[in-house]
Amino acid sequence: MSDNFTEIFNEISGLLQKGKAKDIVPLVEKALEAGAAPADILEKALMDGMNIIGGKFKRNEVFVPEVLIAARAMNKATETLKPHLAKAGINPVGKAIICTVKGDLHDIGKNLVKMMIEGKGIEVEDLGVDCETQTVVDKIKESDAKVLCLSALLTTTMAVQKDVINALKEAGVRDKVKVMVGGAPVTQNFADEIGADAYTPDAATAAEVCRAFYD
Ligand code: B1M
Numbered sequence: 009m010s011d012n013f014t015e016i017f018n019e020i021s022g023l024l025q026k027g028k029a030k031d032i033v034p035l036v037e038k039a040l041e042a043g044a045a046p047a048d049i050l051e052k053a054l055m056d057g058m059n060i061i062g063g064k065f066k067r068n069e070v071f072v073p074e075v076l077i078a079a080r081a082m083n084k085a086t087e088t089l090k091p092h093l094a095k096a097g098i099n100p101v102g103k104a105i106i107c108t109v110k111g112d113l114h115d116i117g118k119n120l121v122k123m124m125i126e127g128k129g130i131e132v133e134d135l136g137v138d139c140e141t142q143t144v145v146d147k148i149k150e151s152d153a154k155v156l157c158l159s160a161l162l163t164t165t166m167a168v169q170k171d172v173i174n175a176l177k178e179a180g181v182r183d184k185v186k187v188m189v190g191g192a193p194v195t196q197n198f199a200d201e202i203g204a205d206a207y208t209p210d211a212a213t214a215a216e217v218c219r220a221f222y223d
């Protein structure tokens, strides 16, 4: 089925790599109208493009400005996809909180995790990027959210996930929430080590595991 869409997916991936935020939205809409599955557009077109840019960034073939404009195009395109991915969820079954931890500005993965969780019928409050540990603790104290999702993309900031868990313990609210961790450098071993309730490698699995906490 997705083979029918290979050409348009490649085109979308190419536009993302060039950071063509304006051009990418109509093409995503065109793919949707042609019957492409929103999850396939996400994975086979957008994430494909982002992975290619990521590889080039790693090899010093492109630099921060190119990555930033690609990221902007990715965010525009995922905004277009959002209602289609969220269709499955009707009335929220509960609430979750998400953020990228202090010191970390990467938000594309977090936004995808948020979107996929929303697609499972869970209301998600987004505390944004570079989020102070104390802000997270205060939010957990006042909120009835059942799940806290922490994203970290840097080897230096994954340790902040541990700080958040420790701060929740110190504030006496650790048992109020299930803590889910993720992000490229995070592993199951690390999650176990810091006492997180769940680790998932990608947004789709994160949404499934998160939903299971409400069932
Ligand atoms: Co950054 N950066 N970056 N960067 N950047 C990485 C992460 C890096 C691996 C690139 C590289 O060297 N190959 C590297 C980290 C190295 C390391 O620590 N080991 C790196 C670096 C070094 C840096 C800077 C230090 C660069 C510099 O300034 N010299 C700097 C740090 C800034 C900061 O945060 N303080 C920096 C800056 C940036 C930009 C601002 C230019 C931009 C971010 C723009 C934005 O997010 N709005 C950027 C980008 C885009 C990247 C890469 C290229 C792509 C990240 C991305 O969005 N991927 C990245 C290289 C790469 O990953 N290939 C890189 C797509 C996204 C869908 O995937 O975020 O992994 P990801 O999310 C996945 C999973 O990880 C998972 O689900 C998502 C979807 O399936 N997931 C979760 C994420 N959170 C989860 C939470 C969960 C569960 C799953 O549960 C709660």
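Numbers given in the working numbering equal positions in the sequence shown, counted from 1, plus 8.
Cβ coordinates follow ideal geometry from the N, Cα and C atoms, glycine included.
Since residue i and residue j should fall inside the 8 angstroms C-beta cutoff, what is the C-beta to C-beta distance between them, to a whole number of angstroms?
i: Leu93; j: Met124; result: 7 angstroms
i: Leu89; j: Pro34; result: With a Cβ gap of about 13 angstroms, Leu89 and Pro34 do not count as contacting.
i: Asp112; j: Thr165; result: 4 angstroms
i: Val168; j: Val72; result: With a Cβ gap of about 22 angstroms, Val168 and Val72 do not count as contacting.
i: Asn83; j: Asn119; result: 7 angstroms
In the structure shown, what three-state DSSP assignment does residue i receive?
i: Leu23; result: helix
i: Lys103; result: strand
i: Gly190; result: strand
i: Glu150; result: helix
i: Ala44; result: coil
i: Asn68; result: coil
i: Phe13; result: helix
i: Tyr28; result: The residue you asked about is not Tyr; residue 28 is Lys in the sequence shown. Coil at Lys28, not helix or strand.
i: Lys38; result: helix
Looking at the strands, I want to know which residues DSSP matches up with residue i.
i: Thr108; result: Ser159
i: Asp134; result: Ile106
i: Tyr207; result: Val189
i: Cys139; result: Val109
For residue i, I'd like the list of residues in its chain whose CB is within less than 7 angstroms of its CB, leaving aside the five on either flank, ordered along the chain.
i: Arg219; result: Lys128 and Ile130
i: Phe221; result: Lys154, Val155 and Lys186
i: Ile98; result: Low local confidence applies: a pLDDT of 42 at Ile98 is under 50, so the model's placement there is unreliable, and no value is given.
i: Lys149; result: Ala179 and Val181
Leaving out five residues before and five after residue i in sequence, what residues of the same chain have Cβ atoms less than 6 angstroms from its Cβ?
i: Ile77; result: Gly27
i: Ala204; result: Val187 and Val189
i: Ala53; result: Phe17, Ile20 and Ser21
i: Lys64; result: Val70
Figure out for me which residue from the options has the closest Cα to the Cα of residue i.
i: Glu140; options: Ile173, Ala206 and Lys122; result: Ile173
i: Gly102; options: Val132, Ala85, Glu87 and Gly117; result: Val132
i: Ala235; options: Ala29, Lys122 and Phe17; result: In this structure the chain extends from 9 to 223, so residue 235 is not present and cannot be described.
i: Val181; options: Leu156, Ala42 and Lys30; result: Leu156
i: Lys202; options: Tyr222, Ala192, Lys184 and Ala175; result: Contrary to the premise, residue 202 reads as Ile rather than Lys in this sequence. When each option's Cα is compared against that of Ile202, the closest is Ala175.
i: Glu87; options: Asn68, Gly136 and Glu37; result: Glu37
Only counting the same chain, and skipping five residues up and downstream in sequence, which positions put a Cβ closer than 8 angstroms to that of residue i?
i: Ile61; result: Leu24, Gln25, Val70, Glu74, Val75 and Ala78
i: Ala104; result: Ile125, Ile130, Glu131, Val132, Glu133, Ala153, Lys154, Val155, Leu156, Cys157 and Cys218
i: Val121; result: Ile106, Cys157, Ser159, Gly190, Ala211, Ala214 and Ala215
i: Pro193; result: Ala160, Leu161, Leu162, Thr163 and Met166
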